[in-house]
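Below: the structure, in structure tokens.
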Amino acid sequence: RRDNMAFTLYSLIQAAILCVNAVAVLHEERFLSKIGWGVDQSVGGFGDEPGIKVQLMNLVRSVRTVMRVPLIAVNSVCIVLLLLFG
Amino acid sequence: MRLRNSSMDGSDGSQLFEDTSRAGNQQAGPQAAGFPGQSLLSDPMSNLAMAYGSSLASQGREMVDKNLDRFIPISKLKYYFAVDTVYVGKKLGLLVFPYMHENWEVSYQQDTPVAPRFDVNAPDLYIPAMGFITYVLVAGLALGTQNRFSPELLGVQASSALVWLIMEVLAVLLSLYLVTVNTDLTTIDLLAFSGYKYVGMIVGVVAGLLFGKPAYYLSLLWCCVAIFVFMIRTLRLKLLSEAAAEGRLVRGARNQLRMYLTMSIAAAQPIFMYWLTYHLIR
Chain A
1 RRDNMAFTLY
11 SLIQAAILCV
21 NAVAVLHEER
31 FLSKIGWGVD
41 QSVGGFGDEP
51 GIKVQLMNLV
61 RSVRTVMRVP
71 LIAVNSVCIV
81 LLLLFG
Chain B
1 MRLRNSSMDG
11 SDGSQLFEDT
21 SRAGNQQAGP
31 QAAGFPGQSL
41 LSDPMSNLAM
51 AYGSSLASQG
61 REMVDKNLDR
71 FIPISKLKYY
81 FAVDTVYVGK
91 KLGLLVFPYM
101 HENWEVSYQQ
111 DTPVAPRFDV
121 NAPDLYIPAM
131 GFITYVLVAG
141 LALGTQNRFS
151 PELLGVQASS
161 ALVWLIMEVL
171 AVLLSLYLVT
181 VNTDLTTIDL
191 LAFSGYKYVG
201 MIVGVVAGLL
211 FGKPAYYLSL
221 LWCCVAIFVF
231 MIRTLRLKLL
241 SEAAAEGRLV
251 RGARNQLRMY
261 LTMSIAAAQP
271 IFMYWLTYHL
281 IR
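Chains A and B are the protein sequences, given in the same order.
If you count the first sequence from 1, position 77 lands on 77 in UniProt numbering, and the numbers rise without skipping.
If you count the second sequence from 1, position 78 lands on 78 in UniProt numbering, and the numbers rise without skipping.
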């Protein structure tokens with residue numbers, strides 16, 4: 001009965017950090033271009049609004065660009081805290 | 001983008017809330033002279049010190065207000081709490097019985113939305129906030145009747161419900177971004193809409209506590225259908241294009257996608273309502 005009871009804000013922060021890390025490790029050349037999600041493949045139609053796939057690709061690219069440096073800091077802090085406090 | 005804050009404060013400040021500050025200031029003056037006695041205030045040095053101290057305090061408060069306004073938009077938040085009893089009563093009635101209401105449009109006044117106390121269709125944050133707190137208290141009550149209560153469980157329930165709320169708002173934001181809907185729904189609007197389900201949850205849990213499990217299921221079913229219809233009718237006007245919102249069948253992949261999005265947002269509410277309350281009724 002305690003399934004949904006253990007959700008705390010701390011677990012939400014942990015999940016968010018893990019998700020952002022997962023998006024940040026997707027490499028542009030080695031992986032995204034191979035599956036057709038590269039930067040050069042996102043230039044779609046100009047008249048109509050972009051589809052879901054283009055929006056997702058843009059989202060992945062923006063997250064990678066914006067969160068690269070803050071993730072270094074956040075990950076270092078997490079590593080130090082986990083080493084110290086388990 | 002329609003702004004909610006700029007024209008509402010300042011000269012129109014009395015439209016959102018009544019201004020009671022002048023009455024308070026006049027009362028503070030003579031009282032401060034009466035209390036410390038005559039000797040303290042006849043000294044000009046302490047007069048100077050008091051004047052300097054009060055000006056320093058008001059400066060500090062101004063600085064705190066200005067800095068806080070950068071992180072949490074307090075002036076925008078004020079709009080969502082400008083409610084009165086009549087509005088709350090009508091809105092609660094709408095949440096459990098939305099079938100008779102005809103006009104779901106939010107009325108505007110010179111391109112800014114009217115404050116909730118003048119328009120029953122406008123979203124507010126008072127009902128979701130109070131609903132959340134009441135839900136946590138009712139959950140504690142329900143757990144107490146089953147001898148499963150301990151004070152930290154209140155905190156666990158509160159943070160668990162808060163996490164689900166945050167995740168739901170983030171999911172809706174993400175799906176709105178992916179479908180590229182041009183809408184004037186702000187994040188706080190979505191927070192308000194997601195918080196309206198707490199009313200139905202409270203009704204269900206209280207009915208289950210008073211009358212047993214069948215009453216819980218019946219009232220929860222009623223509230224789930226009501227909130228589903230409420231969300232569809234409210235979101236239809238905001239997310240869909242003009243033609244589709246009037247009910248005419250509009251073809252095209254884009255409108256279909258938006259229709260699916262509206263339906264899934266509305267369908268997520270009953271699921272959460274059941275998920276967050278089923279463990280409270282045994």
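By construction, the Cβ of each residue, glycine as well, lies at the ideal position given by its N, Cα and C atoms.
Cβ-Cβ distance between residue i and residue j below 8 Å
i	j	result
B:R233	B:P98	yes
B:P128	B:Y196	yes
B:V205	B:T112	no
B:G140	B:Y198	no
B:L220	B:Y274	yes
B:Y87	B:V136	no
B:E168	B:A268	yes
B:I166	A:L12	yes
A:L9	B:L162	yes
A:P50	B:T180	yes
A:L26	A:L18	no
A:R64	A:V39	no
B:V138	B:I202	yes
B:A122	B:V106	yes
A:F7	B:S160	yes
Reference residue i; option with closest CA among the options
i	options	result
B:V225	B:V64, B:W104, B:W275 and B:V96	B:V96
B:L240	B:M263, B:S219, B:T145 and B:W222	B:M263
B:I265	B:L220, B:S175 and B:V181	B:S175
B:L261	B:L210, B:A192, B:V172 and B:H279	B:V172
B:R282	B:A207, B:F228, B:R258 and B:P270	B:A207
B:L178	A:L56, A:F31, A:L12 and A:C19	A:L56
A:I72	A:T8, A:A24, A:L12 and A:F7	A:A24
B:T187	B:Y80, B:M50, B:E105 and B:Y217	B:Y80
B:W164	B:S194, B:I72, B:M45 and B:P151	B:S194
B:Y200	B:D184, B:T183, B:M231 and B:T180	Checking the sequence shown, residue 200 of chain B turns out to be Gly, not Tyr. Nearest of B:D184, B:T183, B:M231 and B:T180 to B:G200, Cα basis: B:M231.
B:L185	B:D124, B:G212 and B:P214	B:D124
B:N182	B:I133, B:D84 and B:N255	B:N255
B:V213	B:A82, B:H279 and B:S107	The sequence given here has Lys at residue 213 of chain B, not Val. Taking only the C-alpha atoms, the option nearest B:K213 is B:H279.
B:D189	B:V138, B:F17 and B:L77	B:L77
A:N21	A:S76, A:V80 and A:F85	A:S76
B:V229	B:M100, B:V64 and B:S46	B:M100
B:K238	B:R258, B:W222 and B:S54	B:R258
Closer than 9 Å at the beta carbon, the chain B residues around residue i
i	result
A:I52	L178, V179, T180 and L257
A:L9	S159, L162, V163 and I166
A:Q55	Y177, L178, V179 and T180
For residue i: DSSP bridge partner residues
i	result
A:P50	For A:P50, which the question treats as bridged, DSSP gives no partner whatsoever.
B:Q109	B:T112
Proximal residues of chain B, C-beta to C-beta of residue i below 7 Å
i	result
A:L83	The premise fails here: A:L83 is roughly 26 Å from chain B at the closest Cβ pair, so nothing lies under 7 Å.
beta-carbon residue i near the ligand ATP non-hydrogen atom, thresh 7 Å
i	result
A:L26	Absence of the ligand ATP is noted for the structure shown, with no ligands found whatsoever.
Interface partners of residue i on chain B, CB under 8 Å
i	result
A:L12	V163, I166 and M167
Short CB-CB distance (under 8 Å) between residue i and chain E
i	result
B:D65	Absent from the structure is chain E; the protein chains it does hold are A and B.
If you pair each beta-carbon of the segment 108 to 116 of chain B with each one of the segment 139 to 151 of chain B, do three or more pairs fall below 8 Å?
-> Under the Cβ criterion (8 Å, minimum of three pairs), the segment 108 to 116 of chain B does not count as touching the segment 139 to 151 of chain B.
Is the segment 151 to 166 of chain B close to the segment 82 to 95 of chain B, with three or more CB pairs under 8 Å?
-> no
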